[in-house]
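Notes for the one structure printed next.
Have a look at this one:
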């Protein structure tokens with residue numbers, strides 16, 4: 192915190208500094224943020240970092256064990272799979288896929304979610320009821336089953352996985368935006384802005400929306416983790432990203448056959464999924480505590 | 044009470060109609076021609092094609108098709124499985140008990156463990172125990188359960204040889220299906236060792252399926268307990284000189300249970316979605332595995348019926364939880 196030279200009074204910290212101070216107190220969330228930053232870095236720098244190409248098959252090293260096991264070598268740090276592909280390289284390239292799926296599906300659900308949620312809050316009589324009824328129907332099915340249904344129609348693949356997960360995540364962001372906007376709508380500053388002649392669009396996006404952002408940012412983080420988990424589940428079921436793509440869930444789809452012979456083929460991709468989802472959930476908790484202390488109790 | 048149930052029921056109807064619309068749309072959004080999809084042939088005789096379209100009612104306008112679909116549903120007609128030519132409804136309910144049995148066992152494991160973990164964490168707030176339990180709960184909540192299942196199979200089935208790898212019962216037993224619930228049927232059959240075998244097969248899948256609900260129950264119990272433990276009447280009880288255990292179990296837990304019961308009811312969706320993954324890993328012959336197999340083999344009537352029935356089950360259980368909640372808590376029953 193800086194001190195004003197003339198008056199000797201302490202300046203208020205900037206909002207970002209204030210946020211960071213609150214976020215930093217949560218140790219788990221800070222560690223998770225570091226892990227996540229490293230993961231993003233690994234995904235971006237994958238061609239430089241990965242020791243091998245993700246689909247390169249080394250026929251001389253099928254199911255080679257990791258380096259710390261007997262018979263392992265530094266050539267394949269996490270070992271190789273049944274086709275002789277380097278697992279570490281596949282995990283690094285898989286991070287690209289998982290982060291891409293998470294990012295795109297969150298964007299594709301949050302942006303329409305904000306618009307629909309604001310519409311539902313501003314026009315609660317007819318449009319709002321219609322929107323919320325539709326969301327109720329979508330919420331009636333658990334997210335993975337709805338995603339399975341969507342993929343059953345559209346067919347498997349990367350683009351359809353992203354689309355299916357975006358559809359599945361939509362109701363949560365609509366409901367959240369609507370709830371947040373409804374509490375803001377009756378506040379004085381909104382009424383003042385309305386009296387000053389602000390149009391509906393301006394009221395929605397300039398006046399109300401910025402004050403609804405805290406829960407939406409938290410939702411985006413938790414949605415990110417749910418998206419990665421659902422995408423991996425779809426991949427595992429053979430309905431998501433298709434092999435030989437190094438998607439973490441798809442890597443596990445055939446791993447069942449190697450349970451008895453090569454534990455590393457089974458363990459590594461799942462560990463990557465678990466750590467990433469855990470990190471995002473910890474970050475979500477940290478963000479919630481830092482951005483919106485009111486919500487802290489609800490956990 | 045009756046009025047309360049009716050009101051709840053009225054809210055469910057639009058949701059149910061919505062799900063039928065979703066299931067109906069599902070089969071109409073599949074790219075490609077439905078008749079060719081069903082028959083699976085190219086260069087079809089145009090005359091046959093026409094009669095097939097007519098027989099399936101596909102030459103009618105969409106709203107009429109939906110009407111026929113809906114009235115068929117209300118008469119229990121969900122179409123025929125392409126794989127087996129059996130009615131979808133019959134197939135579903137033959138396999139459904141296996142899923143219910145697994146889900147019930149998962150909750151029987153998840154609820155007590157989650158409750159105990161939540162209580163322990165709440166009463167030792169801020170200590171290493173609290174952090175450890177909550178860390179474990181968050182890990183469980185973040186768990187990709189299909190991987191978790193593989194890891195447990197690797198440890199307990201392959202390395203230690205304690206539990207079987209897959210299926211509902213050892214192959215040597217031939218248990219006639221009376222109730223569809225293996226635990227009950229094995230008892231009825233009176234075959235020696237059959238019940239133990241069935242129980243043995245249930246352990247790992249139940250743990251896997253119960254992991255996420257357990258984590259949710261633990262987190263919810265902890266925060267509800269913390270809320271209650273702050274209340275004045277707890278201080279009063281303490282001042283009266285009651286034992287710590289009695290205060291926690293009798294005074295605090297009882298009032299903390301309400302939100303926990305709600306959260307347990309909400310796990311039905313998690314269980315049915317988790318069943319898809321758990322049943323696939325353990326080759327458990329329930330509706331989850333059936334649904335995934337149906338998608339794999341393009342058995343669209345089964346997919347459509349399965350989604351509809353699972354959605355309906357979830358709505359019905361939510362209704363049941365709502366009603367039970369009203370029974371326990373009169374304040375909700377009389378609120379409009």
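Chains as they are written, first to last, in this note's numbering: chain A, 192 to 490; chain B, 44 to 379.
C-beta atoms are modelled at their ideal positions from N, C-alpha and C, and glycine is treated no differently.
Because the structure is a prediction, the values reported are computed rather than measured.
Checklist entry - Taking the alpha helix (DSSP H) that residue 176 of chain B falls in, what are its first and last residues? => result 171 to 184
Checklist entry - Per DSSP, what kind of secondary structure is residue 336 of chain B in: helix, strand or coil? => result helix
Item to check | Proximal residues of chain A, C-beta to C-beta of residue 256 of chain B below 7 Å | outcome: Residues of chain A passing the Cβ test: none, with the nearest at roughly 12 Å.
Next on the checklist: By the 8 Å beta-carbon criterion, what residues does the segment 419 to 447 of chain A contribute toward chain B?
Outcome noted: 420, 423, 424, 427, 428, 429, 430, 440, 443, 446 and 447
Checklist entry - Applying the criterion that 16 or more other CB atoms from any shown protein chain within 10 Å of the CB defines a buried residue, is residue 89 of chain B buried or exposed? => result Around the Cβ of residue 89 of chain B, a 10 Å sphere holds fewer than 16 other Cβ atoms; the residue is exposed.
Item to check | Short CB-CB distance (under 7 Å) between residue 22 of chain B and chain A | outcome: Look at the range of chain B in this structure, 44 to 379, and you will see that residue 22 of chain B is not part of it.
Checklist entry - With residue 210 of chain B and residue 255 of chain B assumed to form a contact (beta carbons below 8 Å), what rounded beta-carbon distance in angstroms separates them? => result Their Cβ separation, rounded to whole angstroms, is 23 Å, which puts residue 210 of chain B and residue 255 of chain B out of contact at 8 Å.
Next on the checklist: Between residue 276 of chain A and residue 61 of chain B, how many whole angstroms is the CB-CB distance? I'm expecting something under 8 Å.
Outcome noted: About 45 Å; that fails the 8 Å criterion.
Item to check | In chain order, each alpha helix (DSSP H) run of at least 4 residues that lies wholly inside the segment 225 to 300 of chain B | outcome: 225 to 232, 237 to 272 and 275 to 282
Checklist entry - Under a CB-based cut-off of 7 Å, is residue 316 of chain B close to chain A? => result yes
Next on the checklist: Give me the DSSP bridge partner(s) of residue 321 of chain B.
Outcome noted: BP columns for residue 321 of chain B are empty, so no partner.
Checklist entry - Helix, strand or coil: which one does DSSP assign to residue 379 of chain A? => result helix
Item to check | Partner residues on chain A for residue 58 of chain B, Cβ-Cβ distance less than 7 Å | outcome: 327, 328 and 331
Next on the checklist: Here's the rule I'm using: 16 or more other beta-carbon atoms within 10 Å means buried, otherwise exposed. How should residue 134 of chain B be labelled?
Outcome noted: buried
Item to check | DSSP bridge partner residues for residue 277 of chain A (one or two, in chain order) | outcome: A:271
Checklist entry - Taking the alpha-carbon positions, what's the residue 106 of chain B to residue 318 of chain A distance? => result 23 Å
Checklist entry - How many Å lie between residue 364 of chain B and residue 72 of chain B at the Cα? => result 34 Å
Checklist entry - Where does residue 433 of chain A fall in DSSP's three states? => result coil
Next on the checklist: Looking at the strands, I want to know which residues DSSP matches up with residue 130 of chain B.
Outcome noted: B:123
Checklist entry - Near residue 192 of chain B, which residues of its chain fall below 8 Å by C-beta distance, leaving aside the five closest residues on each side in sequence? => result 247, 248, 251, 320, 321, 324 and 325.
Next on the checklist: Suppose you measure from the CA of residue 382 of chain B to the CA of residue 302 of chain B; what does that come to, to the nearest Å?
Outcome noted: Because chain B in this structure spans residues 44 to 379, residue 382 of chain B falls outside the shown range and cannot be described.
Checklist entry - Does the beta carbon of residue 490 of chain A sit closer than 7 Å to a beta carbon anywhere in chain B? => result Because residue 490 of chain A carries a pLDDT of 40, less than 50, the predicted location of this residue cannot be relied on, and no value is offered for it.
Item to check | Beta carbon proximity, residue 451 of chain A to chain B, threshold 7 Å | outcome: yes
Checklist entry - Taking one C-beta from the segment 241 to 251 of chain A and one from the segment 268 to 282 of chain A each time, how about it: are there three or more such pairs within less than 8 Å? => result yes
Checklist entry - What are the uninterrupted segments assigned as alpha helix (DSSP H) that are 4 or more residues long and contained completely in the segment 326 to 351 of chain A, given in chain order? => result 334 to 345
Checklist entry - Roughly how many angstroms separate the alpha carbons of residue 174 of chain B and residue 264 of chain B, rounded to a whole number? => result 15 Å
Checklist entry - So what's residue 483 of chain A in DSSP terms, helix, strand or just coil? => result In this structure, residue 483 of chain A counts as coil in the three-state DSSP scheme.
Next on the checklist: Please report the straight-line C-alpha distance between residue 328 of chain B and residue 275 of chain B, rounded to a whole angstrom.
Outcome noted: Taking C-alpha positions only, residue 328 of chain B is separated from residue 275 of chain B by approximately 52 Å.
Checklist entry - Excluding five sequence neighbours on each side, which residues of the same chain lie with their C-beta closer than 6 Å to the C-beta of residue 157 of chain B? => result Excluding sequence positions up to five before and after residue 157 of chain B, its CB lies within less than 6 Å of the CB of 257, 260 and 261, all in the same chain and listed in chain order.
Checklist entry - Nearest chain A C-beta to residue 327 of chain B closer than 7 Å, yes or no? => result no
Next on the checklist: I'd like to know if residue 307 of chain B contacts chain A, where contact means its C-beta is closer than 7 Å to some C-beta of that chain.
Outcome noted: no
Item to check | Interface residues of chain B facing residue 454 of chain A [CB-CB closer than 8 Å] | outcome: 197
Checklist entry - Are at least three pairs of beta-carbons, each pair with one atom in the segment 180 to 200 of chain B and one in the segment 339 to 347 of chain B, less than 8 Å apart? => result Note that the segment 180 to 200 of chain B does not touch the segment 339 to 347 of chain B; fewer than 3 beta-carbon pairs, one per stretch, sit closer than 8 Å.
Item to check | chain B contacts from the segment 471 to 482 of chain A (Cβ-Cβ distance under 9 Å) | outcome: 471, 472, 473 and 476
Next on the checklist: What would DSSP say about residue 206 of chain B, mapped onto helix, strand or coil?
Outcome noted: coil
Checklist entry - Looking at the unbroken alpha helix (DSSP H) that takes in residue 112 of chain B, where does it start and where does it end? => result 105 to 117
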